[in-house]
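Trainee:
Protein chains: 2
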Amino acid sequence: MGTYPARKRRTRSDGERSYRTILDTAARLATLEGLEGLSIARLAGEVGMSKSGLYAHFDSKQDLQLATVGAAEDVFTAEVITRAMEKPEGIERLQALCQRYLSYVKRAVFPGGCFFSSTAAEWDTRRGPIRDRVRTVLAGWTELLEANVLAAQQQGDLAQDVDAGQLSFEINALLHEANGHYLLFRDPAALDRAQTAIEDRLARA
Amino acid sequence: MGTYPARKRRTRSDGERSYRTILDTAARLATLEGLEGLSIARLAGEVGMSKSGLYAHFDSKQDLQLATVGAAEDVFTAEVITRAMEKPEGIERLQALCQRYLSYVKRAVFPGGCFFSSTAAEWDTRRGPIRDRVRTVLAGWTELLEANVLAAQQQGDLAQDVDAGQLSFEINALLHEANGHYLLFRDPAALDRAQTAIEDRLARA
DNA sequence: CCTACCGATCGGTAGG
DNA sequence: CCTACCGATCGGTAGG
Numbered sequence: 001m002g003t004y005p006a007r008k009r010r011t012r013s014d015g016e017r018s019y020r021t022i023l024d025t026a027a028r029l030a031t032l033e034g035l036e037g038l039s040i041a042r043l044a045g046e047v048g049m050s051k052s053g054l055y056a057h058f059d060s061k062q063d064l065q066l067a068t069v070g071a072a073e074d075v076f077t078a079e080v081i082t083r084a085m086e087k088p089e090g091i092e093r094l095q096a097l098c099q100r101y102l103s104y105v106k107r108a109v110f111p112g113g114c115f116f117s118s119t120a121a122e123w124d125t126r127r128g129p130i131r132d133r134v135r136t137v138l139a140g141w142t143e144l145l146e147a148n149v150l151a152a153q154q155q156g157d158l159a160q161d162v163d164a165g166q167l168s169f170e171i172n173a174l175l176h177e178a179n180g181h182y183l184l185f186r187d188p189a190a191l192d193r194a195q196t197a198i199e200d201r202l203a204r205a
Numbered sequence: 206m207g208t209y210p211a212r213k214r215r216t217r218s219d220g221e222r223s224y225r226t227i228l229d230t231a232a233r234l235a236t237l238e239g240l241e242g243l244s245i246a247r248l249a250g251e252v253g254m255s256k257s258g259l260y261a262h263f264d265s266k267q268d269l270q271l272a273t274v275g276a277a278e279d280v281f282t283a284e285v286i287t288r289a290m291e292k293p294e295g296i297e298r299l300q301a302l303c304q305r306y307l308s309y310v311k312r313a314v315f316p317g318g319c320f321f322s323s324t325a326a327e328w329d330t331r332r333g334p335i336r337d338r339v340r341t342v343l344a345g346w347t348e349l350l351e352a353n354v355l356a357a358q359q360q361g362d363l364a365q366d367v368d369a370g371q372l373s374f375e376i377n378a379l380l381h382e383a384n385g386h387y388l389l390f391r392d393p394a395a396l397d398r399a400q401t402a403i404e405d406r407l408a409r410a
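Note that the protein sequences, when read in sequence, are chains W and G.
Residues 1 to 205 (my numbering) are what the first sequence spells out, left to right.
Residues 206 to 410 (my numbering) are what the second sequence spells out, left to right.
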């Protein structure tokens, strides 16, 4: 997009590639240092360009942070949601979503665990567009769980009298604790405990 | 302790009072801005003294951070644990610990919710003494839950075949999710949902 | 506990 | 996409 002279001819895909490299790197670093703690110079160094090189893609740090949340959402969708959507709606998809989430933590898709878990903790007491975006993503995830609880109820795989909102809350609690405990204590047993608890909870409902 | 001239005579209690004011303020701010994001100048301004005034009490930022974690632990003990210890060991104390935790979140003892939940999320991928200290506090809390699960089992209030570690993990998950959801969505229903889930879980076990 | 200062780094801009 | 620069703020220190 720029009008700077270029030694090699720049193509549209060159710009897109570096744009994605910046955001993927930013999302990874944000799970280690926080979305606020991440500095422009540090990020520039990591992707091998200058600070002002980044400002060719983003107007401000907040603009970069917002785009980073969007890129992280794309990763989350690809790594957790898409594969679970292959399963039929209802109990099977619900279980697949949980398994994919735990696998996404274990595979260290982001080096600092679930991007939205750490970013929510960092931004939950701040105001503005980034907090709002994180809220929207997490609310969407919870609604996805709820929709599959409801479908499972209609299909007779979960009891009619269970509160879908309550059950989704409990499942989310187990998934987030698995992430947090796994990161703090480097203990893979946390992932198994969440899996066990979710299976038991669903079998009972 | 210093040898600076003083207009008013400094007593030992003056120094102790400002030491505690600094740490209490630091702990409160850390739940809003992070223990790393909190700056010395910002903290100094908040407590009404100069930056170098703080360095009369602490050798470095890390020293301050470590002392802040200790002060936060004292608050947590006073606000959550002490009152629950009035109940007899076992199921009653276990329920009291959970209720006191949820009340500590709701009462906004720290403006950014549970100090150890937010600090754990910030430090779980870092190394060093602060991460270690946060680990120790959270491990101690989990052991306290476990000890009361075991006592409840011996007293016949919980089934013998429940895994105390597993049950403590699930309770912790619900408490932490209550904190996180309450903060991000400003939704008091999250606290009720955790309370309900814990009661159900204990009634079943 | 203060003022005054240090080098390093922050987010961001001018100009090409 | 670069170099060179801006004022502000960072953690920390000297000296009292």
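C-beta: ideal position from N, C-alpha, C; glycine also.
For clarity, every value in this text was computed on a predicted model and none was experimentally measured.
Compute the beta-carbon to beta-carbon distance between LEU343(G) and ALA325(G), rounded to the nearest angstrom, for a pair I have assumed lies under 8 Å.
Mentor: Within the second sequence, the letter at position 138 stands for residue 343(G). Within the second sequence, the letter at position 120 stands for residue 325(G). Contact flag correct, Cβ pair sits at about 6 Å.
Trainee: ASP392(G): which of ARG233(G), SER257(G), LEU307(G) sits nearest, CA to CA?
Mentor: If you number the second sequence from 1, residue 392(G) lands on position 187. The option with the nearest alpha carbon to ASP392(G) is LEU307(G).
Trainee: What are the start and end residues of the alpha helix (DSSP H) that includes LEU144(W)?
Mentor: The residue given as residue 144(W) occupies position 144 in the first sequence. For LEU144(W), the enclosing alpha helix (DSSP H) has its first and last residue at 129-154.
Trainee: Output needed for LYS256(G): all residues of its chain with C-beta closer than 6 Å, excluding positions within five of it in sequence on either side, in chain order.
Mentor: Start at 1 with the first residue of the second sequence, and residue 256(G) comes out as number 51. Cβ within range, chain order: ILE245, ALA246, ALA249.
Trainee: How would you label THR287(G), buried or exposed, when you count the other beta carbons within 10 angstroms and need 16 or more for buried?
Mentor: Against the second sequence, residue 287(G) aligns to sequence position 82. By the neighbour-count rule (16 or more Cβ atoms within 10 Å), THR287(G) is not buried but exposed.
Trainee: What three-state label does DSSP hand LEU38(W) in the structure shown?
Mentor: Walking along the first sequence from the start, residue 38(W) turns up at place 38. If DSSP states are grouped into helix, strand and coil, LEU38(W) belongs with coil.
Trainee: Apart from the five residues just before and just after VAL285(G), which ones in its own chain have a Cβ nearer than 6 Å to its Cβ?
Mentor: The count along the second sequence starts at 1 and reaches residue 285(G) at position 80. Closer than 6 Å at Cβ, skipping near neighbours: ARG305, TYR306, TYR309.
Trainee: Identify whether GLN160(W) lies in helix, strand or coil by the three-state DSSP scheme.
Mentor: To locate residue 160(W), count along the first sequence from 1; it is residue 160. In the structure shown, GLN160(W) sits in coil (DSSP, three-state: anything other than H, G, I, E or B).
Trainee: Going by DSSP in three states, ALA194(W) sits in which element: helix, strand or coil?
Mentor: By one-based count along the first sequence, residue 194(W) stands at place 194. Looking at ALA194(W) - three-state DSSP - the assignment turns out to be helix.
Trainee: Identify which residue in HIS381(G), LEU388(G), GLN300(G), ALA232(G) has its Cα closest to the Cα of ARG131(W).
Mentor: The residue labelled residue 131(W) in the question sits at position 131 within the first sequence. It is LEU388(G) whose Cα lies nearest to the Cα of ARG131(W).
Trainee: Taking 8 Å as the cut-off, does the stretch 217-229 of chain G touch the stretch 269-282 of chain G (at least 3 CB pairs, one atom from each stretch)?
Mentor: Verdict: yes, contact present.
Trainee: Please look up how many angstroms separate the CB atoms of GLN155(W) and GLY90(W), rounded, as I've assumed it's under 8 Å.
Mentor: Here residue 155(W) corresponds to residue number 155 of the first sequence, with the count starting at 1. Here residue 90(W) corresponds to residue number 90 of the first sequence, with the count starting at 1. GLN155(W) to GLY90(W), Cβ: 5 Å. Contact.
Trainee: Going by the CB atoms, is the gap between ALA164(W) and GLU177(W) shorter than 8 Å?
Mentor: Along the first sequence, one-based indexing puts residue 177(W) at 177. Along the first sequence, one-based indexing puts residue 164(W) at 164. No; because the gap between Cβ atoms is not below 8 Å, this pair is not in contact.
Trainee: Runs of 4 residues minimum, wholly inside the stretch 90-133 of chain W: which ones carry the alpha helix (DSSP H) assignment?
Mentor: 91-106, 115-123
Trainee: For PRO316(G), decide whether its Cβ has a neighbour in chain W, counting only Cβ atoms nearer than 8 Å.
Mentor: For this step, residue 316(G) is matched to residue 111 along the second sequence. Taking Cβ atoms only, chain W reaches closer than 8 Å to PRO316(G), which makes this a yes.
Trainee: Using only alpha-carbon positions, find the residue among LEU269(G), ALA378(G), ARG409(G) that is nearest to VAL347(G).
Mentor: In the second sequence, the residue the question calls residue 347(G) occupies position 142. The residue you asked about is not Val; residue 347(G) is Thr in the sequence shown. That would be ALA378(G), whose Cα lies nearest to the Cα of THR347(G).
Trainee: Express the C-alpha separation of ARG331(G) and ARG193(W) in angstroms, rounding to a whole number.
Mentor: The residue you call residue 193(W) lines up with position 193 of the first sequence. The residue you call residue 331(G) lines up with position 126 of the second sequence. ARG193(W) and ARG331(G): Cα-Cα distance of roughly 24 Å.
Trainee: What did DSSP end up calling PHE263(G) once you bin it into helix, strand or coil?
Mentor: By one-based count along the second sequence, residue 263(G) stands at place 58. PHE263(G) falls in the coil class under three-state DSSP.
Trainee: Find the residues of chain W that neighbour LEU269(G), judging by a C-beta separation of less than 8 Å, and give them in chain order.
Mentor: As a first step, residue 269(G) is located in the second sequence; it is residue number 64 there, counting from the start. Within chain W, no residue comes near LEU269(G); the closest Cβ sits about 17 Å away, beyond 8 Å.
Trainee: Using 8 Å as the limit for Cβ to Cβ distance, is LEU228(G) near chain W?
Mentor: As a position in the second sequence, residue 228(G) is number 23, starting the count at 1. Not an interface residue.
Trainee: Could you give the C-beta distance for LYS311(G) and LEU237(G), rounded to a whole number, given that I count them as a contact under 8 Å?
Mentor: The count along the second sequence starts at 1 and reaches residue 311(G) at position 106. The count along the second sequence starts at 1 and reaches residue 237(G) at position 32. 17 Å between Cβ atoms; not a contact.
Trainee: Within 8 Å of any Cβ in chain G, is that where the Cβ of ARG135(W) sits?
Mentor: If you number the first sequence from 1, residue 135(W) lands on position 135. By this cut-off, ARG135(W) is an interface position.
Trainee: My guess is that GLU327(G) and GLY34(W) are in contact by the Cβ rule of under 8 Å, so how many angstroms apart are they, rounded?
Mentor: On the second sequence, residue 327(G) is found 122 positions in, with the first residue counted as 1. On the first sequence, residue 34(W) is found 34 positions in, with the first residue counted as 1. With 8 Å as the limit, GLU327(G) and GLY34(W) qualify as a contact, their Cβ atoms being about 7 Å apart.
Trainee: Determine the direct distance from the alpha carbon of ARG340(G) to that of PHE185(W), and round the result to whole angstroms.
Mentor: Here residue 185(W) is taken as the residue at index 185 of the first sequence, counted from 1. Here residue 340(G) is taken as the residue at index 135 of the second sequence, counted from 1. Straight-line Cα distance between these residues: approximately 7 Å.
Trainee: For THR273(G), decide whether its Cβ has a neighbour in chain W, counting only Cβ atoms nearer than 8 Å.
Mentor: Within the second sequence, the letter at position 68 stands for residue 273(G). Cβ-Cβ to chain W under 8 Å: no for THR273(G).
Trainee: In its own chain, which residues sit with a C-beta less than 7 Å from the C-beta of GLU251(G), not counting the 5 before and 5 after it?
Mentor: Locating residue 251(G) in the second sequence gives position 46, where the first residue counts as 1. Contacts found: THR230, LEU234.
Trainee: Name, please, each residue of chain W whose Cβ falls closer than 8 Å to the Cβ of ASN353(G).
Mentor: On the second sequence, residue 353(G) is found 148 positions in, with the first residue counted as 1. Neighbours of ASN353(G) on chain W: none; closest Cβ ~18 Å, over 8 Å.
Trainee: Counting contacts by CB-CB distance shorter than 8 Å, is GLU278(G) in contact with chain W?
Mentor: As a position in the second sequence, residue 278(G) is number 73, starting the count at 1. Taking Cβ atoms only, chain W never reaches closer than 8 Å to GLU278(G), which makes this a no.
Trainee: At 9 Å on the CB atoms, spell out the chain W contacts of PHE390(G), in chain order.
Mentor: As a working mapping, residue 390(G) is identified with position 185 in the second sequence. In chain order, ASP124, ARG135, LEU138, ALA139 make up the part of chain W whose C-beta sits under 9 Å from the C-beta of PHE390(G).
Trainee: Could you compute how far the alpha carbon of ALA272(G) sits from the alpha carbon of ARG222(G)?
Mentor: To locate residue 272(G), count along the second sequence from 1; it is residue 67. To locate residue 222(G), count along the second sequence from 1; it is residue 17. Distance between the alpha carbons of ALA272(G) and ARG222(G): 15 Å.
Trainee: What in chain G is Cβ-close to LEU144(W), meaning under 9 Å?
Mentor: For the purposes of this step, residue 144(W) is identified with residue 144 of the first sequence, where counting begins at 1. Per Cβ cutoff of 9 Å: no residues; LEU144(W) is ~16 Å from chain G at best.
Trainee: HIS381(G) touches chain W at which residues, Cβ-Cβ below 8 Å?
Mentor: Numbered from its first residue, the second sequence carries residue 381(G) at position 176. Neighbours of HIS381(G) on chain W, chain order: ALA173, HIS176, GLU177, GLY180.
Trainee: For SER257(G), which three-state DSSP category applies?
Mentor: Stepping through the second sequence from its first residue, residue 257(G) is reached at position 52. Three-state DSSP puts SER257(G) in a helix.
Trainee: Taking only three categories from DSSP, how would you classify ALA205(W)?
Mentor: Position 205 of the first sequence holds residue 205(W). For ALA205(W), the three-state secondary structure derived from DSSP is coil.
Trainee: Taking 8 Å as the threshold (C-beta atoms), are VAL354(G) and LEU299(G) in contact?
Mentor: The residue given as residue 299(G) occupies position 94 in the second sequence. The residue given as residue 354(G) occupies position 149 in the second sequence. Yes, the pair counts as a contact, with Cβ atoms nearer than the cut-off.
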